[in-house]
Amino acid sequence: MEWDVTEVSVKADNRLFVRFKDGVQGTVEFANSFFYGVFERLKDPEEFRRVMIEDGVVTWPGELDLAPDAMHDAIKKEGKWVLEK
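Taking my numbering, the leading residue of the sequence shown gets 275, the next gets one more, and so forth.
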């Protein structure tokens, strides 16, 4: 699918760089308010850096992932996807 992620890397300040199969690229920014519930463990920088791609989806160990279609739509439109509570 066009929103399959092909590259992900950690940037400073709770940010990721992502590139999609169709060439769209941009950042995912995590507001501090987003780190609650299942995402709370990502406040730990070491845990945040464990990000990977699995089947075209940005994910972390323990089946924690981000919706690639919503991410793609936001980045294609705005150049970034801001995640906040």
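Ideal Cβ placement from N, Cα and C applies to all residues, glycine included.
- The residues M275, W277, D278, V279, T280, K295 and P342, in chain order, have a CB closer than 8 angstroms to that of G330 in the same chain once the five nearest residues on each side in sequence are set aside.
- Counting the other Cβ atoms within 10 Å of the Cβ of V325 gives 16 or more, which makes it buried.
- A344 is the residue among Q299, A344 and K351 whose C-alpha sits nearest the C-alpha of L357.
- Every beta strand (DSSP E) stretch that sits fully inside the region 316–343 and reaches 3 residues is listed by chain position as 326–328 and 331–334.
- For the set G300, P319 and V298, the Cα lying nearest the Cα of F309 is the one of P319.
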